[in-house]
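To start, the structure itself, in structure tokens.
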Amino acid sequence: MKIRPTKSLASFALSATAVALLSACSTSPSAVSAADSNALDRSYTMSSGGTLSADQQGITIVDADIALKVMPEQRAVSGTTVLTLKTDRQRSKLVVDLDDLFQLDGVTVNGEALPTGQFTHQQGQVTASLPQSIAAGDTVKLGISYHGVPHVAEKAPWDGGFVWSHTEDGKPWIATAVQGEGCDLIWPCIDHPMAEPQSATIRVTVPKGLVAASNGMLQDVVQDGDWSRYIWHTDEPINTYAIALNIGPYKTLKSTYHSRYGNDYPMVFYYLEGNEAKAKELYKEFPEMLNFFEDMIGPYPFHAEKMGVVETPHLGMEHQTINAYGNGYKKGPYGYDWLMQHELAHEWFGNQITNTDWDHMWLHEGFGSYMQPLYSEYLHGKMAYDAEMYKLRQGLINEYPLVSNHSMTEDDVYQNGRGPGSDIYAKGAWVLHTLRQLIGDQAFFAATKQLVYDRDDPKPGNFKPYFADSQRFIDAVNEETGKNYQWFFDTYLYQAALPKLVTERDGKQLTVYWQTESSSPFPMPVNIRIDGKVVRVNANKQPQTIMLPDSRSHVTADPDFAVLQQREYIEEFADYRNKTSQQ
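Quick look at the structure:
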């Protein structure tokens, strides 16, 4: 049996060290200005994922206690992070990632300050030499105090970093979004999908009058003169890029969602003052969206905390239990807010199940994108589903396979011309559509449930977030169907080019067969409509001949678009559109 790494939960442990170090490091911001903060060569920091170094392998982040003071006027931060780390081997040093834009104010090990010569901060990594070696199975608390002007996200969320904005009446409106570049733009971490903290406390100190919304549950709000400290905590494992700061003059909408699984949990929306009417309209969509996901997929994963949304000065991001929403309350043609629905989907596909490597990011974004057509079908029927799927079909690139089977950075995957790029969204959704048509709804949704929860009977309290890769989904499909569908995934995940259904006519003879870019089998059945009558053909790579009623019979292959395949007119229009857009 394949070993599936779990994200084991840890108990709640507030760190007094973090509070002490934070109060001690209220130094002035770094000499690097906000204008200059993006000018340094920080190629290591600006990349996320890839192969872990030997120094960072075998470390579990049991807990992350992150304390940050945010100073809007200076566009600067100061703070302390205390990481509780568990090692699987003997070590004499610890290495974590932190942007070089920050200046270190001190490093502690188990609360004891290290001499200056025993730690370094170079090329985006903090290296701490331990006073004494630690053995396999030991835990150690590594505290890092720092300050500076953080990296500015020039075009969030596509560019990571801090977003320093203002409301219409001039009040600070601040957010972070670091999926692409990684957690080390905000706090010391191990910048890799598998390096999730098993629990986290986020303490955000902001000017009085502002609200700081973050992950998990709000534990306390402490007033300290002209400052307010918001203390959040999650007992759930959390994606490194999902830990987020959201700061502004927020108001809240809050109510209780009564789940079909018999449990209740809060729905909370942090919106900007002045947007109450629009916020209430969007808030009305929350229960129906949750009902859809719990009906089609399974229980909301973070029911012990909250279903949270916050209005942000960037488009959006799947920040666990505090999803970023910046779609401007725009109405959509399908009767719902697509961005809200997409980001909420990531609570299941991305936060409950997290890919083991960026190479499998289609599990996040392909499923996340497929949820919008499914939701249209749920609300309005098949025509709405077909309309959304047809729109997605027109955006495929097919230059790189969805999965390379190599360790990838986020840029390797997301950038067109370097990896699958936007195909992880639209093509991923179409792969799922095709699979659903092939194996049927019962097997498809059962396999999806297995992928998300690592079991087929999820109920609140009987599952935990875990890591998975593409093979986990393939195994689930094979188990639910009792058949081997490796051939399907070999073609759609591990090859770039789409299969081509060849149809050749000679009088009354119609010859049908598949072509793919590899020699692997492709036994994909397909419907052929002949003079209005649909015939099911078990097509493969060997030519098959069908006798037509007449040499003039009208033939349409795959009339319902059940199979993702090359379609000449779609590809020709895509080429035309690309050429005209460049003129």
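According to mature numbering (1 follows the signal peptide of the UniProt record, and there is no 0), the stretch in the sequence shown is residues -34 to -1, 1 to 549, in order. Think of the CB as a built atom: it goes at the ideal place given N, C-alpha and C, for glycine as much as any other residue.
Per-residue burial, residue i [other beta carbons within 10 Å of its own, 16 or more giving buried]
{"i": "residue 531", "result": "buried"}
{"i": "residue 164", "result": "buried"}
{"i": "residue 124", "result": "exposed"}
{"i": "residue 2", "result": "For residue 2, the predicted structure reports a pLDDT of 49, less than 50, and the residue's modelled location is therefore unreliable. The matter cannot be settled from this model."}
{"i": "residue 24", "result": "exposed"}
{"i": "residue 233", "result": "buried"}
{"i": "residue 509", "result": "exposed"}
{"i": "residue 261", "result": "exposed"}
{"i": "residue 515", "result": "exposed"}
{"i": "residue 54", "result": "exposed"}
{"i": "residue 338", "result": "buried"}
{"i": "residue 8", "result": "Because the pLDDT at residue 8 is just 48, under 50, the model does not fix this residue reliably, and the value given afterwards should be weighed accordingly. Under this definition residue 8 is a buried residue."}
{"i": "residue 243", "result": "exposed"}
{"i": "residue 76", "result": "exposed"}
{"i": "residue 415", "result": "buried"}
{"i": "residue 349", "result": "exposed"}
{"i": "residue 29", "result": "buried"}
Identity of the residues DSSP links to residue i by a beta bridge
{"i": "residue 140", "result": "130, 213"}
{"i": "residue 232", "result": "222"}
{"i": "residue 283", "result": "290"}
{"i": "residue 112", "result": "45, 70"}
{"i": "residue 62", "result": "92"}
{"i": "residue 183", "result": "199"}
{"i": "residue 503", "result": "492"}
{"i": "residue 511", "result": "477"}
{"i": "residue 315", "result": "319"}
{"i": "residue 178", "result": "213"}
{"i": "residue 274", "result": "234"}
{"i": "residue 190", "result": "193"}
{"i": "residue 155", "result": "63"}
{"i": "residue 411", "result": "BP columns for residue 411 are empty, so no partner."}
{"i": "residue 382", "result": "385"}
{"i": "residue 31", "result": "48, 167"}
{"i": "residue 173", "result": "193"}
{"i": "residue 470", "result": "477"}
{"i": "residue 105", "result": "52"}
{"i": "residue 87", "result": "92"}
{"i": "residue 522", "result": "495"}
C-alpha gap between residue i and residue j, whole angstroms
{"i": "residue 72", "j": "residue 37", "result": "20 Å"}
{"i": "residue 273", "j": "residue 488", "result": "42 Å"}
{"i": "residue 433", "j": "residue 367", "result": "21 Å"}
{"i": "residue 198", "j": "residue 64", "result": "22 Å"}
{"i": "residue 310", "j": "residue 389", "result": "20 Å"}
{"i": "residue 240", "j": "residue 26", "result": "44 Å"}
{"i": "residue 196", "j": "residue 133", "result": "21 Å"}
{"i": "residue 88", "j": "residue 79", "result": "19 Å"}
{"i": "residue 560", "j": "residue 540", "result": "There is simply no residue 560 to check, as the chain begins at -34 and stops at 549 in what is shown."}
{"i": "residue 351", "j": "residue 528", "result": "12 Å"}
{"i": "residue 513", "j": "residue 228", "result": "57 Å"}
{"i": "residue 462", "j": "residue 486", "result": "14 Å"}
{"i": "residue 523", "j": "residue 403", "result": "15 Å"}
{"i": "residue 174", "j": "residue 215", "result": "10 Å"}
{"i": "residue 550", "j": "residue 185", "result": "There is simply no residue 550 to check, as the chain begins at -34 and stops at 549 in what is shown."}
{"i": "residue 391", "j": "residue 189", "result": "44 Å"}
{"i": "residue 217", "j": "residue 237", "result": "5 Å"}
{"i": "residue 85", "j": "residue 22", "result": "16 Å"}
{"i": "residue 245", "j": "residue 271", "result": "21 Å"}
{"i": "residue 481", "j": "residue 490", "result": "11 Å"}
{"i": "residue 431", "j": "residue 475", "result": "54 Å"}
{"i": "residue -14", "j": "residue 427", "result": "Low confidence applies here, because residue -14 scores a pLDDT of 35, under 50, leaving its location unreliable; read the following figure in that light. Roughly 36 Å separates the two Cα atoms."}
Beta carbon of residue i nearer than 7 Å to that of residue j
{"i": "residue 147", "j": "residue 19", "result": "no"}
{"i": "residue 281", "j": "residue 292", "result": "yes"}
{"i": "residue 278", "j": "residue 141", "result": "yes"}
{"i": "residue 397", "j": "residue 458", "result": "yes"}
{"i": "residue 264", "j": "residue 331", "result": "no"}
{"i": "residue 90", "j": "residue 66", "result": "yes"}
{"i": "residue 636", "j": "residue 317", "result": "No answer is possible for residue 636: the residues shown for the chain start at -34 and end at 549."}
{"i": "residue 117", "j": "residue 151", "result": "yes"}
{"i": "residue 50", "j": "residue 137", "result": "no"}
{"i": "residue 47", "j": "residue 159", "result": "no"}
{"i": "residue 371", "j": "residue 464", "result": "no"}
{"i": "residue 447", "j": "residue 412", "result": "no"}
8 Å contact criterion, which residue i and residue j should meet: CB distance rounded
{"i": "residue 385", "j": "residue 374", "result": "7 Å"}
{"i": "residue 355", "j": "residue 399", "result": "6 Å"}
{"i": "residue 60", "j": "residue 45", "result": "Residue 60 to residue 45, Cβ: 19 Å. No contact."}
{"i": "residue 249", "j": "residue 235", "result": "5 Å"}
{"i": "residue 178", "j": "residue 213", "result": "5 Å"}
{"i": "residue 145", "j": "residue 99", "result": "Actually they are not in contact, since the Cβ atoms of residue 145 and residue 99 sit about 35 Å apart, beyond 8 Å."}
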